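Novice: I am attaching a structure below and will ask some questions about it afterwards.
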Amino acid sequence: MMETNQKTGRLVRNTTVLIALSILAAACVASETTNNANTGGAEGTAAQPRMATYSCGEDGSITVENLGSAVRVQGTDGASIDLPAAPPTQNARFGGSNQAIVLEDGEALYMVAGKPTLSCKRS
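FYI, in mature numbering (1 follows the signal peptide of the UniProt record, and there is no 0) the residues of the sequence shown are -30 to -1, 1 to 93.
Written out as structure tokens, the structure is:
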């Protein structure tokens, strides 16, 4: 019984990671296609400030530091992680092995494998 629960837990965790990465990849393709058509190839999102705090409602807040080709995210648990741009040529989507963040129009969509996705607003 315990072995079945562990296998199910791993399956759920792996599926969550794959879904999050698929969403991130789909957002990259759709956003780049739309932006290139509307702006002649320039990125259509406003520049991310050097430091920004995003309120995630009852889940707390996250802090995002713009490092240029990456961001440093301090999550709701206080832990920090550096996430590179994904793909490297843009400035709104960042991701690593088990975390991703999309920054657009004063909002942040923060995804961590095995946890619910957080929808946050810049405060």
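Ideal Cβ positions, reconstructed from N, Cα and C, are used throughout, including at glycine.
Being a predicted model, the structure only gives us computed values, none of them experimental.
Quick one: measure Cβ to Cβ for S25 and K91, integer angstroms, because I've assumed they're closer than 8 Å.
Specialist: Their Cβ separation, rounded to whole angstroms, is 6 Å, which keeps S25 and K91 in contact under 8 Å.
Novice: How would you call M81, buried or exposed, if buried means at least 16 neighbouring beta carbons within 10 angstroms?
Specialist: M81 comes out buried.
Novice: Using the C-alpha atoms, what's the distance from V43 back to A56?
Specialist: Rounded to the nearest angstrom, the two C-alpha atoms are 15 Å apart.
Novice: Please report the straight-line C-alpha distance between R20 and V41, rounded to a whole angstrom.
Specialist: Roughly 9 Å between the two C-alpha positions.
Novice: Does the beta-carbon distance from T46 to G30 come in below 8 Å?
Specialist: Cβ distance < 8 Å, so T46 and G30 count as in contact.
Novice: State the Cα-Cα distance for the pair R63 and V72, rounded to the nearest angstrom.
Specialist: Their Cα atoms are separated by approximately 5 Å.
Novice: Tell me the start and end of each unbroken beta strand (DSSP E) in the stretch 14 to 87 that is at least 3 residues and wholly inside, in chain order.
Specialist: For the stretch 14 to 87, whole beta strand (DSSP E) runs of length 3 or above, ordered along the chain, are 21 to 25, 31 to 36, 40 to 44, 50 to 54, 63 to 65, 69 to 74 and 77 to 82.
Novice: Report the rounded CA-to-CA distance for G66 versus I51, giving the unit in angstroms.
Specialist: Computed Cα separation, rounded: 9 Å.
Novice: Taking only the alpha-carbon atoms, compute the straight-line gap between L79 and I32 and give it to the nearest angstrom.
Specialist: Approximately 11 Å, taken between the alpha carbons.
Novice: Can you say whether E77 is buried or exposed, counting buried as having 16 or more other CB atoms within 10 angstroms of its CB?
Specialist: E77 comes out exposed.
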